[in-house]
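J.: Just so we're aligned, residue 1 is where the sequence shown starts under full-length UniProt numbering, counting upward by one. By construction, the Cβ of each residue, glycine as well, lies at the ideal position given by its N, Cα and C atoms. Submitted below is the structure of interest, expressed as C-alpha cells.
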Amino acid sequence: MKYIISWVLRHIPRKIIQLFAHRLLKLYSLFLSGNKVYCPVCDHKFAKFLPYGRLQPRENALCPSCLSLERHRLMHLFLKNETSFYTSHPRVLHVAPEYCFIDRFETYLGDNYITADIESPLAKIKMDLHNIPFEDNSFDVVFCNHVLEHVRDDVRCMQEIRRVLKPDGFALCQSPQRYDLETTYEDASITDPKEREIHFLQDDHLRIYGRDFGTQLEKSGFTVIPFNLIDKLGLDESKRMALPLEEIIYQCKK
Numbered sequence: 001m002k003y004i005i006s007w008v009l010r011h012i013p014r015k016i017i018q019l020f021a022h023r024l025l026k027l028y029s030l031f032l033s034g035n036k037v038y039c040p041v042c043d044h045k046f047a048k049f050l051p052y053g054r055l056q057p058r059e060n061a062l063c064p065s066c067l068s069l070e071r072h073r074l075m076h077l078f079l080k081n082e083t084s085f086y087t088s089h090p091r092v093l094h095v096a097p098e099y100c101f102i103d104r105f106e107t108y109l110g111d112n113y114i115t116a117d118i119e120s121p122l123a124k125i126k127m128d129l130h131n132i133p134f135e136d137n138s139f140d141v142v143f144c145n146h147v148l149e150h151v152r153d154d155v156r157c158m159q160e161i162r163r164v165l166k167p168d169g170f171a172l173c174q175s176p177q178r179y180d181l182e183t184t185y186e187d188a189s190i191t192d193p194k195e196r197e198i199h200f201l202q203d204d205h206l207r208i209y210g211r212d213f214g215t216q217l218e219k220s221g222f223t224v225i226p227f228n229l230i231d232k233l234g235l236d237e238s239k240r241m242a243l244p245l246e247e248i249i250y251q252c253k254k
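Shown next as C-alpha cells:
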C-alpha cells in the first residue's frame with residue numbers, strides 16, 4: 001500500500017487527489033477495523049493508519065476515515081486544548097484548506113469560515129497569498145499550513161497573513177522542517193525535479209525550513225509562541241494518535 005500511495009502522490013495531479021482520494025480511502029477503511037490507533041479529528045479507531053509520503057512513505061500516518069495526517073491531528077488537539085477556537089466561533093481564513101477540516105469547520109462556523117487557495121478545488125476563493133484580498137484586521141484566526149515552503153516570497157506572505165489578522169487573533173503557519181538544519185535552506189540553482197525532491201522533500205518546494213522557522217516568522221512582525229504539545233500529552237498517548245513527535249506548533253500573534 002505504501003508504494004501505491006507514494007506513486008499516486010508523485011504522479012497524479014494534486015487536484016485529482018483532492019477531489020477523489022477520500023472516497024476510495026473510506027472504502028478501504030472497512031478493512032482496518034481495530035482500536036490500536038485513534039484519530040481525535042474524526043473520533044475513529046483503527047488497527048492502524050495508512051502510510052503516507054512521496055519518497056519515503058511514513059508508516060501509520062493517514063487516517064482512512066477523515067484523511068487527517070499527523071500534523072492535522074496535532075493541530076486539532078492544540079486548538080482544542082490550548083485555545084478557545086472550538087467555543088468562540090471565530091472568523092477564520094483557511095489557506096489551502098485540508099479535507100479533514102473543511103466540513104467540520106463549515107458546520108461549526110458557517111459564513112465565518114472562508115477557504116482560499118491559488119489552485120485547490122476545495123477552496124471557495126482563488127487567492128494569491130502574496131496579495132490577500134481582504135482588509136486589515138479581518139480575521140480572528142488564519143490557518144496556513146504547509147504553504148510557505150511553496151511561495152516565491154515567504155516573508156511577504158507572512159506579512160500579509162499578519163495584516164489581515166485582528167489584533168487579538170492568532171495564525172498557525174506550520175511548514176515542513178528539518179530539525180538537523182540550523183537555518184532555512186534555499187538554492188534556486190537546483191532546478192531538476194528529482195534533485196529538488198531530494199533537497200526540499202517535494203519538487204514544488206522552494207525551501208526547507210530549519211530550526212529557525214520560528215525566528216523566520218518573527219522577522220515578518222509576528223510575536224511567536226512555541227508549543228510542544230507532545231510533552232503535555234505524553235509519549236504513549238501521542239503514539240496512539242500517531243502525532244509528529246518532533247513538531248513544534250508556532251502560534252503567531254500581532
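1. Whole angstroms are fine: how far does the CA of Ser33 sit from the CA of Gly221?
2. Taking just the CA atoms, how far does Thr223 sit from Thr191?
3. Using the three-state DSSP reduction, which class does Asn60 fall into: helix, strand or coil?
4. Give every residue of the same chain whose Cβ lies closer than 7 Å to the Cβ of Cys66, excluding the five residues on either side of it in the sequence, and list them in chain order.
5. Run the CB neighbour count on Asp180, radius 10 Å, all protein chains shown included, and call it buried at 16 or more, exposed below.
6. Round the Cβ separation of Phe213 and Gly169 to the nearest angstrom and send it over; I've been treating them as touching at under 8 Å.
7. In the DSSP assignment, find the unbroken beta strand (DSSP E) run with Asp231 in it and report its ends.
8. So, with DSSP's three-state summary, where would you put Glu246?
9. Is the region 198-210 touching the region 147-164 in the sense that three or more CB pairs, one from each, lie closer than 8 Å?
10. So, for Glu246: in the same chain, excluding its five sequence neighbours on each side, which residues have a beta-carbon less than 7 Å away from its beta-carbon?
11. Rounded to whole angstroms, what's the CA-CA distance from Lys219 to Thr87? Just pull it up for me.
12. Can you list, in chain order, the residues of its chain with a C-beta nearer than 6 Å to that of Ala116? Leave out the 5 residues immediately preceding and following it.
13. Helix, strand or coil for Pro193, going by three-state DSSP, please let me know.
14. Nearest to Gln174 by CA position, among Ile118, Ile248, Asp111, is which residue?
15. How far does the alpha helix (DSSP H) with Tyr185 in it reach, from first residue to last?
16. Grab the span of the beta strand (DSSP E) containing Val92 for me, first residue to last.
17. Is Gln56 closer than 9 Å to Ala171 when the C-beta atoms are compared?
18. Using only the alpha-carbon positions, how far apart do Val8 and Ala61 sit?
19. Could you round the C-beta distance between Val37 and Ala188 to whole angstroms and report it? I think they count as a contact, below 8 Å.
20. Run the CB neighbour count on Thr184, radius 10 Å, all protein chains shown included, and call it buried at 16 or more, exposed below.
21. Which residues does DSSP list as the beta-bridge partners of Asp117?
22. For Lys80, collect the residues of the same chain with a Cβ closer than 7 Å to its Cβ; drop the 5 residues on either side in sequence, then sort them by chain order.
23. So the candidates are Pro193, Gln216, Gln177, Leu233; which of them puts its Cα closest to the Cα of Tyr210?
24. Under DSSP, the alpha helix (DSSP H) around Val164 begins and ends at which residues?
25. Is it buried or exposed, Asp154, if we count other Cβ atoms within 10 angstroms and call 16 or more buried?
26. Could you please give me the residues that DSSP links to Thr223 through a beta bridge?
27. Please go through the same chain and pick out, in chain order, the residues whose beta-carbon is closer than 7 Å to the beta-carbon of Glu186, but skip the five residues on each side of it.
T.: By the coordinates alone:
1. Residue mapping note: residue 221 aligns to position 221 of the sequence shown, counting from 1. Residue mapping note: residue 33 aligns to position 33 of the sequence shown, counting from 1. Approximately 47 Å, taken between the alpha carbons.
2. Locating residue 191 in the sequence shown gives position 191, counting from the first residue. Locating residue 223 in the sequence shown gives position 223, counting from the first residue. For Thr191 and Thr223, the distance between alpha carbons rounds to 34 Å.
3. On the sequence shown, position 60 is the one that residue 60 refers to. The answer is strand: DSSP assigns Asn60 an E or B state.
4. Residue numbering aside, residue 66 sits at position 66 when the sequence shown is read from its first letter. If we look at Cys66 and ignore the five residues flanking it on each side, its Cβ neighbours are Cys39, Val41, Cys42, Cys100.
5. Position 180 of the sequence shown, counting from 1, holds the residue named residue 180. Exposed: under 16 other Cβ atoms inside 10 Å.
6. Translated into positions along the sequence shown, residue 213 becomes position 213. Translated into positions along the sequence shown, residue 169 becomes position 169. Contact doesn't hold; Cβ gap of about 20 Å is too wide.
7. Within the sequence shown, the letter at position 231 stands for residue 231. Here Asp231 belongs to no beta strand (DSSP E); instead the alpha helix (DSSP H) covers 229-233.
8. Working through the sequence shown from its first residue, we reach residue 246 at position 246. Note: Glu246 maps to coil in three-state DSSP.
9. yes
10. Residue numbering aside, residue 246 sits at position 246 when the sequence shown is read from its first letter. Closer than 7 Å at Cβ, skipping near neighbours: Tyr179.
11. As a first step, residue 219 must be located in the sequence shown, where it is residue number 219. As a first step, residue 87 must be located in the sequence shown, where it is residue number 87. Computed Cα separation, rounded: 31 Å.
12. The sequence position of residue 116 within the sequence shown is 116, counting from 1. Taken in chain order, the residues that qualify are Val95, Ala123, Ile125, Met127.
13. Looking up residue 193 in the sequence shown gives position 193. Correct three-state label for Pro193: helix.
14. Translated into the one-based positions of the sequence shown, residue 174 becomes position 174. Out of Ile118, Ile248, Asp111, Ile248 has the C-alpha closest to the C-alpha of Gln174.
15. Locating residue 185 in the sequence shown gives position 185, counting from the first residue. Looking at the DSSP string, Tyr185 is not in any alpha helix (DSSP H), and its letter there is neither H nor E.
16. The residue given as residue 92 occupies position 92 in the sequence shown. Counting along the chain, the beta strand (DSSP E) containing Val92 begins and ends at 92-95.
17. In the sequence shown, counting from the first residue as 1, residue 171 sits at position 171. In the sequence shown, counting from the first residue as 1, residue 56 sits at position 56. No; because the gap between Cβ atoms is not below 9 Å, this pair is not in contact.
18. Counting from one through the sequence shown, the residue named residue 8 turns up at place 8. Counting from one through the sequence shown, the residue named residue 61 turns up at place 61. Model confidence at Val8 stands at a pLDDT of 46, short of 50, so the residue's coordinates are unreliable and nothing is read from them.
19. In the sequence shown, counting from the first residue as 1, residue 37 sits at position 37. In the sequence shown, counting from the first residue as 1, residue 188 sits at position 188. Contact flag wrong, Cβ pair sits at about 40 Å.
20. In the sequence shown, the residue the question calls residue 184 occupies position 184. When all chains shown are included, Thr184 counts as buried.
21. Here residue 117 refers to the residue found at position 117 when the sequence shown is read from its first residue. According to DSSP, Asp117 bridges with Lys126.
22. To locate residue 80, count along the sequence shown from 1; it is residue 80. Closer than 7 Å at the Cβ level, and outside the excluded window around Lys80, lie Tyr86.
23. Taking the sequence shown and counting its residues from 1, the one referred to as residue 210 is at position 210. What sits at residue 210 in the sequence shown is Gly, not Tyr. The shortest Cα separation from Gly210 among Pro193, Gln216, Gln177, Leu233 belongs to Gln177.
24. Indexing the sequence shown from 1 puts residue 164 at position 164. From DSSP, the alpha helix (DSSP H) with Val164 extends over 154-164.
25. Position 154 of the sequence shown, counted from the start, is the residue given in the question as residue 154. It is buried - the Cβ of Asp154 has at least 16 other Cβ atoms within 10 Å.
26. Here the question's residue 223 lines up with position 223 in the sequence shown. BP columns for Thr223 point to Lys253.
27. Walking along the sequence shown from the start, residue 186 turns up at place 186. Leu206, Arg207, listed in sequence order.
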